[in-house]
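*Asks:*
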Amino acid sequence: MNVSPDVPETVIGDELRIAQVLNNLISNATKFTHTGKIMVQVAKTAQYNKQVELFFFVIDTGIGIDEADISKLFKSFSQVDASITRQYGGTGLGLNICRQLCRLMDGDISVESTKGEGSVFSFHIWVGLPKDEPDVVTSQADVEATIQNLRNMMGEEEKALNTFGSPENTETINKEMSKLILCIEMDNWEKAENFADAIKHLTESAPKDIKMAGLKLKMAVQKEDYDASVAGHEELKRLLNIPEVK
């Protein structure tokens, strides 16, 4: 969470609506992000007398969205992919309501996304200022520079995470493997598929035998094949040289 220092401590607006939009965007980011980070940035972008424009950014390193599908996001009961509903749940109604709420606060909401790399959801609203709040204006260039710095920082972290053999990559794979086998043993195939997908993503740059083992494990989990999933987990653990937990 990063709140720019020029954002006023006190504003006059609809606290409930702002919280509803933020909760929806952060919940979605959490749902669709298996590895990496989620960041929230708040910045002041304009001021006219005692009215200020606030920009909120929710940045994730999740599954991302195809550019052709972005236009579907804010339509009621619309999903970019039917499999999204099966794997993650949801009706597609939330973002449509978020847009309506933002427009009721004289703003709007938008998204930038790259499939497989993550998304940046942003919304802006206008709120009032107390009479004693000083007049300080933030330029759009300053806001864009802040967001670009955040993206660069997250890009470096994402690169380290996805580089097979790096400390970040190894630690995350070990954690995902532990969570995966627990879900398999508990017969929770929906969550198991999420962890298997994350492991496949984390081993994309691995040697061929490890990469293929990750793919086979994901396919076994998708089929909800217990024996094949356990065998695939053991095989991948052996290739990764993950020690037994005692």
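Counting from 195, one number per residue, gives the positions in the sequence shown under our numbering. Cβ coordinates follow ideal geometry from the N, Cα and C atoms, glycine included.
1) At the level of alpha carbons, what is the spacing between Leu-441 and Asn-363?
2) Below 8 Å CB to CB, which residues in the same chain sit around His-427 once its five sequence neighbours on both sides are set aside?
3) Give the list of continuous alpha helix (DSSP H) stretches no shorter than 4 residues that lie fully inside the stretch 326 to 387.
4) Helix, strand or coil for Leu-441 per DSSP?
5) Quick one: is Thr-285 buried, meaning 16 or more other Cβ sit within 10 Å of its Cβ, or exposed?
6) Buried or exposed: Ala-276, going by 16 or more other Cβ atoms within 10 Å of its Cβ?
7) Quick check on the DSSP output: what are the complete beta strand (DSSP E) runs of length 3 or more inside the stretch 403 to 433, in order along the chain?
8) How many angstroms separate the CA atom of Gln-214 from the CA atom of Val-424?
9) Nearest-angstrom Cα distance between Lys-244 and Leu-323?
10) In angstroms with no decimal places, state the Cα-to-Cα distance between Ala-237 and Leu-298.
11) Looking at C-alpha atoms only, which residue of Asp-254, Glu-261 and Asp-302 is the closest neighbour of Glu-247?
12) Indicate whether the contact test is met: 3 or more Cβ pairs, each with one atom in the stretch 380 to 387 and one in the stretch 206 to 213, closer than 8 Å.
13) Over what stretch of residues does the beta strand (DSSP E) that includes Val-252 continue unbroken?
14) Identify which residue in Asn-346, Asp-391 and Phe-249 has its Cα closest to the Cα of Cys-366.
15) Ser-448 lies in the beta strand (DSSP E); which residues open and close that run?
16) Run through the DSSP bridge pairs and tell me what Gly-312 is partnered with.
17) Just list the residues that DSSP pairs Asn-435 with in beta bridges.
18) What first and last residue would you give for the alpha helix (DSSP H) that runs through Ala-223?
19) In the DSSP output, what is Lys-238 paired with across the bridge?
*Replies:* Let's see:
1) The chain is shown only over 195 to 440; residue 441 falls outside these bounds and no answer can be derived.
2) In the sequence shown, counting from the first residue as 1, residue 427 sits at position 233. Around His-427: Met-371, Leu-374, Ile-375, Ile-378 and Leu-411.
3) 334 to 356 and 361 to 379
4) In the structure as shown, the chain starts at 195 and stops at 440, and residue 441 therefore has no counterpart that could be examined.
5) As a position in the sequence shown, residue 285 is number 91, starting the count at 1. Its pLDDT being 39, under 50, Thr-285 is placed unreliably by the model, and the measurement read from it follows with that caveat. Its Cβ having fewer than 16 others within 10 Å, Thr-285 is exposed.
6) Taking the first residue of the sequence shown as 1, we reach residue 276 at position 82. For Ala-276, the predicted structure reports a pLDDT of 47, less than 50, and the residue's modelled location is therefore unreliable. The matter cannot be settled from this model.
7) none
8) Reading the sequence shown from its first residue, position 20 is the one you call residue 214. Reading the sequence shown from its first residue, position 230 is the one you call residue 424. Cα-Cα distance, rounded: 41 Å.
9) Your numbering for residue 244 matches position 50 in the sequence shown. Your numbering for residue 323 matches position 129 in the sequence shown. Taking the straight line joining both Cα atoms gives about 5 Å.
10) Stepping through the sequence shown from its first residue, residue 237 is reached at position 43. Stepping through the sequence shown from its first residue, residue 298 is reached at position 104. Looking at the two C-alpha atoms, the distance is approximately 20 Å.
11) Working through the sequence shown from its first residue, we reach residue 247 at position 53. The shortest C-alpha separation from Glu-247 is found at Asp-302.
12) no
13) Along the sequence shown, read from residue 1 onward, the residue named residue 252 stands at position 58. From DSSP, the beta strand (DSSP E) with Val-252 extends over 245 to 254.
14) Here residue 366 refers to the residue found at position 172 of the sequence shown. Per the sequence shown, residue 366 should be read as Thr rather than Cys. Considering only alpha carbons, the answer is Asp-391.
15) In the structure as shown, the chain begins at 195 and stops at 440. Residue 448 is therefore absent and cannot be evaluated.
16) For this step, residue 312 is matched to residue 118 along the sequence shown. According to DSSP, which records beta bridges pairwise, Gly-312 is partnered with Thr-308.
17) Stepping through the sequence shown from its first residue, residue 435 is reached at position 241. Asn-435 pairs with nothing; no bridge assigned.
18) Here residue 223 refers to the residue found at position 29 of the sequence shown. Looking at the DSSP string, the run of the alpha helix (DSSP H) that includes Ala-223 is 209 to 226.
19) Numbered from its first residue, the sequence shown carries residue 238 at position 44. In the DSSP output, where bridge partners are listed per residue, Lys-238 has Leu-248.
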